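**Student:** Just add 873 to wherever you are in the sequence shown, counting from 1, and you've got the working numbering. Positions of the beta carbon are idealized from the N, C-alpha and C atoms, including for glycine. In this text, all values refer to a predicted model and were calculated from it rather than measured experimentally.
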Amino acid sequence: ESVALRILAMIDADAAMFPDGTCFLYLLLVCVHSSYCGRGIARMMIQKVLEMGRERGIDAACVQVTNTLTAKIFTRLGFEIVNSLDLSTIADEFGLDLSLIPQEETTIKLMLKR
């Protein structure tokens, strides 16, 4: 099992967000090319995915965000932070090199929309 998966499992396990058997969307990745940033494209993509989920009877969604901008986008769309993990607290244990990550961006936030 990779270090990344073990770390992500740590933040999910602590949250206990849904009862067993609950169906929810797990948003894995949202990327917009730097040439197109600031145009609301990420927001529109997320809204479309949420709409597609609702059409299938899924009203809950969660995402793990690793930067402030992404957290702001999800907050504006009604997501709430339910758990967080500061990577600097586990860097030694997992052998993480955080030198390339700005200090204010070392926290993974688990966000939920019900």
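(1) Measuring alpha carbon to alpha carbon, tell me which residue in 984, 921 and 909 is nearest residue 945.
(2) Does DSSP put residue 959 in a helix, a strand or coil?
(3) Is residue 939 buried or exposed, if buried means 16 or more other CB atoms sit within 10 Å of its CB?
(4) So the candidates are 917, 971 and 933; which of them puts its Cα closest to the Cα of residue 903?
(5) Does DSSP put residue 933 in a helix, a strand or coil?
(6) Please name the residue or residues paired with residue 938 in a DSSP beta bridge.
(7) If you follow the beta strand (DSSP E) that residue 901 is in, where does it begin and where does it stop?
**Tutor:** Answer, in terms of the structure:
(1) As a first step, residue 945 is located in the sequence shown; it is residue number 72 there, counting from the start. Residue 945 has its Cα closest to that of 984, out of 984, 921 and 909.
(2) Position 86 of the sequence shown, counted from the start, is the residue given in the question as residue 959. Strand.
(3) Position 66 of the sequence shown, counting from 1, holds the residue named residue 939. Only exposed fits residue 939, as fewer than 16 other CB atoms lie within 10 angstroms of its CB.
(4) The residue you call residue 903 lines up with position 30 of the sequence shown. Nearest of 917, 971 and 933 to residue 903, Cα basis: 917.
(5) By one-based count along the sequence shown, residue 933 stands at place 60. Of the three classes helix, strand and coil, the one that applies to residue 933 here is coil, per DSSP.
(6) By one-based count along the sequence shown, residue 938 stands at place 65. Beta-bridge pairing links residue 938 to 982.
(7) Counted from its first residue, the sequence shown places residue 901 at position 28. Note, residue 901: premise wrong, no beta strand (DSSP E); not H, not E.
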